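A quick write-up on the structure given underneath.
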Amino acid sequence: MPIRIQEHDFDLSAEIAALRKGDPRVGAVVTFLGTVRDMNDGSQVKGMTLEHYPGMTEKALEEIITQAKSRWDIYNTLVIHRVGPLLPEDQIVLVAVTSAHRGEAFAACEFIMDYLKTAAPFWKKEDTPEGARWVDARVTDDAAMARWNND
Amino acid sequence: MKLELRFFASLREALGTSQESIDVPVSVKTISELRTFLIQRGGVWTQALAEGKALRCALNQHMVDANTALLEGAEVAFFPPVTGG
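Protein chains in written order, with this note's numbering: chain A, 814 to 964; chain B, 123 to 207.
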């Protein structure tokens with residue numbers, strides 16, 4: 814379950830190819846790619862800076878993936894999260910999951926992403942025409958995570 | 123009890139510090155009591171850590187709730203709700 818926190822960009826095709834290489838059991842690869850929007854909460858976003866908690870970030874993501882592997886029959890996972898300065902249209906986050914069939918991979922990928930949003934220690938600071946501002950956590954993210962506990 | 127404090131994001135900026143080694147009195151036994159102890163420093167500490175502020179906490183790099191007991195030598199982090207992804 815590779816987990817990478819990095820400043821530099823990544824190549825989606827190359828990452829997926831590496832993730833499934835040599836594993837002919839795989840029949841499904843589901844990926845989520847998060848990118849930087851140029852608008853948030855009614856303000857134009859010129860760029861952002863991502864901060865994280867080195868050490869805890871990796872531990873939190875390992876816990877999230879371990880939970881996903883205990884809930885669904887998946888083979889391999891990859892999480893890449895960028896930190897540092899980013900611009901609109903930049904790639905921020907990649908979650909990829911391999912499995913024999915799509916159902917397990919879709920569910921596990923969404924679960925990992927929902928948990929990452931509420932449990933992994935990353936923070937965004939946006940650069941807007943009104944000045945720099947820290948992004949507030951969304952109630953909808955908590956709701957998205959909570960539904961996984963009701964299944 | 124000796125602790126290593128860490129602060130992140132908007133809280134780090136408000137306090138003007140990202141980490142601190144601290145030796146707290148024996149009466150400070152939980153995360154919640156540590157927060158109250160820090161609030162009593164006054165100034166930016168009182169404002170930034172005030173009870174109404176939504177803050178999360180980690181003990182030795184695991185998210186915990188306010189009632190969790192502190193451990194000798196532990197790394198204790200305070201930060202706002204996370205906004206990654």
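Ideal Cβ placement from N, Cα and C applies to all residues, glycine included. Everything numeric in this text was worked out from a predicted model, so none of it was measured.
For A/Phe919, there are no neighbours in chain B by C-beta distance under 9 Å, as the nearest C-beta there is about 17 Å away.
Per DSSP, the beta bridge partners of B/Met185 are B/Ala180. By the Cβ neighbour-count rule, A/Pro934 is buried, with 16 or more other Cβ atoms within 10 Å of its own. As computed with DSSP, A/Gln904 is found in a beta bridge with A/Thr848.
Using beta-carbon distances, A/Phe924 does not count as an interface residue toward chain B, since no partner is under 9 Å. Between B/Ala188 and B/Arg157, the CB-CB gap stays under 9 Å. Residue environment: A/Pro942 is assigned as exposed (fewer than 16 neighbouring CB atoms within 10 Å of its CB, all protein chains considered).
In this structure, B/Glu126 lies near B/Ala196, with their beta-carbon atoms less than 9 Å apart. Contact holds between the region 883-890 of chain A and the region 909-922 of chain A, because three or more Cβ pairs, one in each stretch, are under 8 Å apart. The DSSP-derived three-state label of A/Lys882 is helix. Annotated as distal: A/Ala827 and A/Glu876, with beta-carbon spacing of 9 Å or more.
Per DSSP, A/Leu863 is one residue of the beta strand (DSSP E) stretching across Gly860 to His865. Contacts between A/Thr931 and chain B, judged by CB atoms closer than 7 Å, involve Val204 in chain order.
Contact annotation: in the region 181-201 of chain B, residues whose CB is within less than 8 Å of a CB in chain A are Gln183, His184, Met185, Ala199 and Phe201. Residue A/Gln819 holds the alpha-carbon nearest to the alpha-carbon of A/His865 among A/Met926, A/Gln819, A/Ala956 and A/Ile829. One finds Thr205 in chain B with Cβ atoms closer than 7 Å to the Cβ of A/Val948, taken in chain order. Within its own chain, the residues whose Cβ lies closer than 6 Å to the Cβ of A/Arg946, once the five positions on either side in sequence are excluded, are Glu939, listed in chain order. Of all residues in the region 848-866 of chain A, only Leu863, Glu864, His865 and Tyr866 place a beta-carbon less than 8 Å from a beta-carbon of chain B.
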